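Undergrad: So the sequences go chain by chain: A and B.
The numbering of the first sequence is our numbering, which starts it at 50 and goes up by one.
The numbering of the second sequence is our numbering, which starts it at 979 and goes up by one.
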Amino acid sequence: MSNKLNIVLTALLVACGLSTVNAQYQARHLFVDLERANTQAKQLDTEWSQLQLDQSTLGKHARIEEIARRELNMTQLTPNRTQYLTEGDK
Amino acid sequence: MTRSSGTGPARVARSQGVSFSKSPVLAVRLPSWRSRVVLFAMFTAFAALAARAVWLQGTSSQQQFLQKEGANRYQRTQELPAVRGKITDRNGQVLASSIPVRAIWAAPEEVLAAPKEKLRALAGLLEMSEAELRKKLDSDRNLVYLKRQVEVETADKIKALDLDGMDIRPEYKRFYPQGEVMTHLVGFTNVDDRGQESMELAQQNNLVGKSGSRRVIKDGRGRIVEDIGGKIEPHNGKDVVLSVDSKIQYIAYTQLKQAVEHFGAKAGGAVVLDVHTGEVLALANYPSYDPNDRRNLTGAQLRNRVMTDTFEPGSTLKPITVSLALDTGRVKPSTLIDTGGGKYTILDKTISDTKAHGVINVGQIIEMSSNIGTSKIALSMPAQDMWEMFTKVGFGQQPKWGFPGAVAGRVRPYKSWRPIEQATMSYGNGISVSLIQLARSYMMFARNGDTIPLSFEKVDKEPLGQQIIKPQTAAQMREMLETVVSGKDGTAKKAQIPGYRVGGKTGTAYKVENGRYAMPRKYIGSFVGMVPMSAPRFIIAVMIDEPTQNGHFGGSVAAPTFAAVAINALRASNVPPDSNITEIVVPTDTGPEAM
């Protein structure tokens, strides 16, 4: 009787041990995934900062003015060439 | 017997029944205790080892040290870096941002042992000659830094060289996309990411991040396999939103730059304030510098004249004196005052106007900028009242707007004023203020007689004002300021802009050097004005320092710059026009004017 119990317990013990190993294995895998995702998030963050910076650099008013004047032949508008529209009856 | 005697001994031996191999002489006769001693010794040795192990792991004072050392074989503390906050303008445009870069360190001995071609490649990547590299490596220290703020891609290439003894550490580099246009407002950081100037310095505590750390387990290939807690979260620096509008700032900077070059001036400053919120919408200085490349920086470039330079404001101060007289009921805009023939002597000193104005009213005194008229009004008031007025608008007071290096200016205590000084102070001589203080003092005219604190950060709701003069006085003064620009005798006709009503006051001051007026005369031309007059939105102040060509009066050097900034700022902010005049022809010669 006690012999049978021992066998069952031993089997249980082995099963538990194996499942611990498995759980640890899974945990490490998931952790690696998490790390990768975190790194990616950080990279995207950096990239976003870089793009914001690029936007600001390329959107510099000096550059816009230069392009507008030179390449697009635009001139500044003056009030005597401007038609102001007012809402309503005024 | 003889036969037997020949074979005797062997037989005897055989007869004894004992072989040689089992000779009792040769039999091992070790005492049994010896093996026990050895066994005991071995056991004792093992026991000692076990005891030592138990002692070291359980009770020793070195236990913690040893456990830590053990853990160090597989555990690592990983630093979690924090990023310095961004600085943006009021519309979210980035003015300063940190991007990760690398610092390249090296252990000299190990790196010098590397093959020659690898060293050459390293020098090439670091953009230095091989000799320079060797010089840097010629050090007794364990670790020297070869170059900081290296781009990540270059650092990756250096890593790919696979040199022994290289250490590549992450750090951040600050970029300022708006460059010289914005630098006097934004400032810059040093190589250790600490703010050095302007808002970078003022907001250092907000901007700076707090790096964290965590313990991890690394495998043989250096990959992180497990996080074992003890995590200290990193906190990135907060983003700071400034009050500045980059569009208006750009306009102010470019117009100022043009003016300084056109008038051959030494320097210039311009500031744009929001009348409703007290926000600083633009603050420009010229000469300026590029904060991304500060190698040849001079003091003149670094100088934030709008905030830190004081000057005698000259006539721009007249409206403040006159408004005090109006507010206390001493004069009305229509009160007539005799300014005589352009000369007026107080005791032994004579003050003068540019020409004889005769009998004019208070409004005309402002319009034509009469020194004598203003002096006469001033001398009808107690010195203490004038001093209190100057103090209330902020002159001589340390500004509390959170901007490093802002100066208080100088107003001498009223008890020491002599009458001639009270007279000259009424038109802005013998008192010193910064341009931003001057601009702010006009806040009470642009608003309804109250003034509000300035802010360099974006403001969400209108701050509470402090009443200085009656709303009615402010309205009267606005009318007078408008005649300065559009009246027939106005001194600032060049400040007119098509489509909008403008008001303001010119000022021309002699520069003081070493306590006396510089000879030959050096001028500071200034103009402070507001637009649109129907409901003021902006106060704009312009100062041109030492103009040497094409004029030097405030009305000719600073007023046009004001007009150019104002028209663009109004359009950029979608302010509807409040005047039908669309074409303005400013006479080229507006004539001389008072100081």
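The C-beta atom is built at its ideal place from N, Cα and C for all residues, glycine as well.
Quick caveat: nothing in here was measured; it's all calculated off a predicted structure.
1. Counting only the same chain and skipping the five closest in sequence on each side, list residues whose C-beta sits under 8 Å from that of A/C65.
2. For A/S68, decide whether its Cβ has a neighbour in chain B, counting only Cβ atoms nearer than 8 Å.
3. With a threshold of 8 Å between beta carbons, is B/S1075 in contact with chain A?
4. Answer with yes or no whether the minimum CB distance from A/K139 to chain B is below 8 Å.
5. Can you name the residues of chain A whose CB is closer than 7 Å to the CB of B/I1202?
6. Among the candidates A/K91, A/Q89, A/A111, whose CA atom is the shortest distance from the CA of B/I1229?
7. Along chain B, which residues have their Cβ under 8 Å away from the Cβ of A/Y133?
8. Quick check on A/I56: buried or exposed, where buried means 16 or more other Cβ atoms within 10 Å of its Cβ?
9. Report the start-end ranges of each beta strand (DSSP E) in the segment 1251-1312 of chain B that is 3 residues or longer and not cut off at the edges.
10. Closest to B/E1087 by C-alpha separation, out of B/K1113, B/K1064, B/G1063, B/N1069, would be which residue?
11. Hey, how far is the Cα of B/N1282 from the Cα of B/D1116?
12. Closest to B/A1091 by C-alpha separation, out of B/E1105, B/G1143, B/Q1071, B/A1133, would be which residue?
13. Hey, out of B/K1354, B/P1311, B/R1007, B/G1341, whose CA is closest to B/I1324's CA?
14. I need the straight-line Cα distance from B/K1151 to A/Q73, nearest angstrom please.
15. For B/Q1400, which residues in chain A fall below 8 Å Cβ to Cβ?
16. Which residue's Cα is closest to the Cα of B/D1217: B/R1062, B/K1094, B/L1261?
17. Can you give me the start and stop residues for the beta strand (DSSP E) that B/A1074 sits inside?
18. Smallest Cα separation from B/Q1415: which of B/R1425, B/Q1040, B/L1185, B/R1388?
19. Along chain A, in chain order, which residues have C-beta atoms closer than 9 Å to that of B/K1225?
20. Compute the Euclidean distance between the alpha carbons of B/T1451 and B/T1539, then round it to the nearest angstrom.
21. Verify the CB distance criterion: does A/R77 have a CB-CB separation below 8 Å to chain B?
22. Can you give me the Cβ contacts of B/S1301 inside the same chain, cut-off strictly under 6 Å, excluding the 5 residues immediately before and after it?
23. If you draw a straight line from the alpha carbon of B/P1247 to that of A/T135, how long is it in whole angstroms?
24. Indicate whether the contact test is met: 3 or more Cβ pairs, each with one atom in the segment 1350-1367 of chain B and one in the segment 1383-1403 of chain B, closer than 8 Å.
25. Counting only runs of 4+ residues fully inside the segment 1119-1176 of chain B, write out the alpha helix (DSSP H) ranges in chain order.
26. Whole angstroms is fine: what's the gap from B/L1251's alpha carbon to B/G1200's?
27. Would you kindly work out how many angstroms separate the C-alpha atoms of B/L1220 and B/Q1041, rounded to a whole number?
28. If you measure beta-carbon to beta-carbon, which residues of the segment 94-106 of chain A are closer than 9 Å to chain B?
29. Relative to the C-alpha of B/D1170, which residue among B/A1026, B/M1160, B/V1186, B/M1177 is closest?
30. Taking the alpha-carbon of B/D1223 as reference, which of B/N1546, B/P1441, B/G1465, B/S1464 has the nearest alpha-carbon?
31. Can you look up B/Y1392 in the DSSP assignment and give me helix, strand or coil?
TA: This is what the structure gives:
1. The beta carbon of A/C65 sits closer than 8 Å to no other beta carbon from its chain once the five residues preceding and following it are set aside.
2. The C-beta of A/S68 comes no closer than 8 Å to any C-beta of chain B.
3. Chain A contact via Cβ: present.
4. With a pLDDT of 47 at A/K139, under the threshold of 50, the predicted position of this residue should be treated as unreliable, though the coordinate-derived value follows. Chain B contact via Cβ: absent.
5. The contacting residues are E84.
6. Of the listed residues, the one whose Cα sits closest to B/I1229 is A/A111.
7. Using a Cβ-Cβ cut-off of 8 Å, A/Y133 is close to P1554, P1555 of chain B, given in chain order.
8. Answer is exposed; the Cβ neighbour count stays below 16.
9. Runs of the beta strand (DSSP E) lying entirely within the segment 1251-1312 of chain B and spanning at least 3 residues, in chain order: 1258-1264.
10. Comparing Cα-Cα distances from B/E1087 to each of B/K1113, B/K1064, B/G1063, B/N1069, the minimum goes to B/K1113.
11. CA-CA distance, B/N1282 to B/D1116, rounds to 42 Å.
12. Cα-wise, what sits closest to B/A1091 is B/G1143.
13. Ranked by Cα distance from B/I1324, the options B/K1354, B/P1311, B/R1007, B/G1341 are led by B/K1354.
14. Rounded to whole angstroms, B/K1151 to A/Q73 spans 40 Å at the Cα level.
15. Within chain A, no residue comes near B/Q1400; the closest Cβ sits about 44 Å away, beyond 8 Å.
16. Per the Cα distances, B/R1062.
17. Here the beta strand (DSSP E) through B/A1074 covers 1072-1084.
18. Checked all of B/R1425, B/Q1040, B/L1185, B/R1388; the closest Cα to B/Q1415 is B/R1388.
19. Neighbours of B/K1225 on chain A, chain order: H110.
20. Whole-angstrom Cα-Cα distance: 28 Å.
21. A/R77 counts as touching chain B.
22. Within the same chain, and ignoring the five residues on either side of B/S1301 in sequence, the residues whose Cβ sits closer than 6 Å to its Cβ are I1447, T1451, M1455.
23. Residue identity check: residue 1247 of chain B is Gly in the sequence provided, not Pro. In a straight line, the C-alpha of B/G1247 is about 37 Å away from that of A/T135.
24. At 8 Å Cβ cutoff, the stretches touch.
25. For secondary structure counted as the alpha helix (DSSP H) over 4 or more consecutive residues, the segment 1119-1176 of chain B holds these complete runs in sequence order: 1130-1138, 1161-1164.
26. Approximately 56 Å, taken between the alpha carbons.
27. Rounded to whole angstroms, the separation of the alpha carbons of B/Q1041 and B/L1220 is 54 Å.
28. Within the segment 94-106 of chain A, the qualifying residues are D94, T95, S98, Q99, Q101, L102, D103, Q104, S105, T106.
29. Nearest Cα to B/D1170 within the set B/A1026, B/M1160, B/V1186, B/M1177: B/V1186.
30. Closest option to B/D1223, Cα to Cα, is B/N1546.
31. Correct three-state label for B/Y1392: helix.
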